[in-house]
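Student: Before I ask anything, here is the structure I am working with.
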Amino acid sequence: MAETILTQIENNILTITINRPDKMNALNATVISDLRSAMQQVYDNAEIKGVIITGSGTKAFVAGADISEFANYSTQQAKLMATNGHAVFNMIENCGKPVIAAVNGFALGGGCELAMSCHLRIASENAKFGQPEVNLGIIPGYGGTQRFIQYIGKGKALELMMTTDMISAAEAHPFGLVNHVVAQENLIAKCQEILNKIFTKGPVAITKVIECVNAHFEPQHGAFQYEIASFAQCFESSDFKEGTTAFVEKRKANFIGK
Ligand code: COA
């Protein structure tokens, strides 16, 4: 079986590529576990000074958690899934070395949440962002309900989470959700250029900047737990069964509100 993530260290930069292009790089349990191992390497290996996270191919960064994997999850399994996702994304957000998302296409659901857990987001012109979970009768479960507000504000976050509308890289840029928009062929080079600039600064100070900025959002940690519990509760509903079945059957969902 193909590896679900690819890693390469070059010039002190670890590039992590989510590698399920035929499934739009959807995050299944194996990807989450492999991502955790890769991030542990970042914490442990002094040769690594910065990280780029990207998706395989030219269409998708990550199109969300793997719907066919969690379609039959129980509430307990959903809680574990969200808890594991939060653990890895918190590891990324709290990493003392800069982590950049090279968003090379769709960043939806868990993909948007993964990008938002990184310190910076550089997007290619074709990138699209969104939190479409309510189409499936669930809510974002990897920190999206909180981090979306941090980046784009409450009003726009509520609109995009309730309508499931996607925004382009160009639309995301003025909100600060995206730091730079570049042509796809320049995406990785732009991320490397930014990391190389950061590498010329004091590493201790860079870590402190990350810690202090994250400290601003510490009060939201209780809300992360609330998100995990709410995400799991959605899995008790008929709407969740209908939403995920409709996706797998490639049809429109017919929700009953129960
Ligand atoms: N989980 C599992 N499989 C997924 C997936 C996901 N989140 N996103 C895409 N895929 C799969 C599709 O089922 C399809 O598989 P198949 O070829 O075996 O049928 C394959 O990836 C290609 O996707 P497809 O839908 O055919 O491509 P598209 O270009 O028409 O549409 C998207 C692309 C991203 C708009 C669409 O795939 C989509 O809406 N995905 C789900 C997004 C989502 O709801 N994410 C939140 C999950 S919590």
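At position 106 of the sequence shown the residue is numbered 1189 (my numbering), and the sequence of numbers has no breaks. Ideal Cβ placement from N, Cα and C applies to all residues, glycine included.
1. As a quick exercise: from C1317, H1202, I1150, pick the residue whose alpha carbon is nearest that of C1274.
2. Judging by CA-CA distance, which residue of F1330, E1276, L1241, F1307 is the nearest neighbour of F1172?
3. Quick check on DSSP: helix, strand or coil for K1335?
4. Provide the residue(s) that pair with V1134 in DSSP beta bridges, ordered along the chain.
5. To the nearest angstrom, how far is it from the Cα of T1026 to the Cα of G1147?
6. With the cut-off set at 8 Å, would you say V1264 and A1272 are in Cβ contact?
7. What is the DSSP secondary structure of I1175, counted as helix, strand or coil?
8. Skipping 5 residues on each side, what residues in its chain have a beta carbon closer than 6 Å to that of Q1091?
9. Taking the CB atoms as reference points, tell me whether E1325 and A1266 lie closer together than 8 Å.
10. So if I measure from each beta-carbon to every heavy atom of ligand 1 and keep distances below 7 Å, which residues remain?
11. Buried or exposed: where does E1332 fall if 16 or more other Cβ atoms within 10 Å of its Cβ makes it buried?
12. Tell me where the beta strand (DSSP E) around K1211 begins and ends.
13. What are the start and end residues of the beta strand (DSSP E) that includes V1264?
14. Assuming I1289 contacts P1181 (C-beta within less than 8 Å), just tell me the rounded distance between them.
15. Where do the N-terminal and C-terminal ends of the alpha helix (DSSP H) with R1119 fall, by residue?
16. Can you check the region 1238 to 1294 for any beta strand (DSSP E) of at least 3 residues that lies completely inside it and give the ranges in chain order?
17. Give the range of the beta strand (DSSP E) segment to which L1219 is assigned.
18. Taking all protein chains shown into account, do 16 or more other C-beta atoms lie within 10 angstroms of the C-beta of K1237, making it buried, or fewer, making it exposed?
19. For E1152 and M1164, what's the separation of their Cα atoms in angstroms?
20. Among H1169, S1139, Q1124, whose alpha-carbon lies nearest the alpha-carbon of A1112?
21. Considering only C-alpha positions, which residue in the set G1220, L1191, A1206, I1101 is nearest to C1317?
22. Can you name the residues that DSSP bridges to T1090?
23. Rounded to the nearest angstrom, what separates H1256 and I1281 at their Cα positions?
24. If you count every other CB in all the chains shown that lies within 10 Å of the CB of Y1126, and 16 or more means buried, which is it?
25. Using DSSP with H/G/I as helix, E/B as strand and the rest coil, what is F1330?
26. When you compare each of G1138, D1149, L1197 to L1110 by their alpha carbons, which one comes out closest?
27. Are the beta-carbon atoms belonging to G1224 and F1323 less than 8 Å from one another?
Tutor: Per the coordinate set shown:
1. The candidate whose alpha carbon is nearest that of C1274 is H1202.
2. Closest in alpha carbon position to F1172, among F1330, E1276, L1241, F1307, is F1307.
3. Here K1335 sits in coil by DSSP.
4. For V1134, the beta-bridge partners assigned by DSSP are L1097, V1182.
5. This structure leaves residue 1026 out entirely; the chain is present only between 1084 and 1341.
6. No, Cβ-Cβ distance for V1264 and A1272 is not below 8 Å.
7. Three-state DSSP puts I1175 in a helix.
8. Once the five neighbours on either side are set aside, the close Cβ partners of Q1091 are T1098.
9. No. Outside cutoff.
10. Qualifying residues, in the order they occur: D1105, K1106, M1107, A1109, K1142, A1143, A1146, G1147, A1148, D1149, I1150, S1151, F1189, L1191, G1192, G1193, P1215, E1216, N1218, L1219, I1221, F1330.
11. Counting the other CB atoms within 10 Å of its CB gives E1332 a total below 16, which places it among the exposed residues.
12. Start and end: 1211 to 1213.
13. For V1264, the enclosing beta strand (DSSP E) has its first and last residue at 1263 to 1265.
14. Contact check for I1289 and P1181: beta-carbon distance about 7 Å, within the 8 Å limit, so the pair qualifies.
15. Membership of R1119 in the alpha helix (DSSP H) is indicated by the continuous run 1112 to 1127.
16. As for any beta strand (DSSP E) of minimum length 3 sitting wholly inside the region 1238 to 1294, the runs are 1263 to 1265, ordered along the chain.
17. From DSSP, L1219 is part of no beta strand (DSSP E); its letter is neither H nor E.
18. Within 10 angstroms of the beta-carbon of K1237 lie fewer than 16 other beta-carbons, which makes it exposed.
19. Near 11 Å, if we compare the C-alpha coordinates of M1164 and E1152.
20. Nearest Cα to A1112 within the set H1169, S1139, Q1124: H1169.
21. For the residues G1220, L1191, A1206, I1101, the minimum Cα distance to C1317 belongs to G1220.
22. Bridge partners of T1090: I1099.
23. Near 21 Å, if we compare the C-alpha coordinates of I1281 and H1256.
24. That one is exposed.
25. Note: F1330 maps to helix in three-state DSSP.
26. Answer by Cα proximity: D1149.
27. With respect to F1323, G1224 sits apart: the two C-beta atoms are not nearer than 8 Å.
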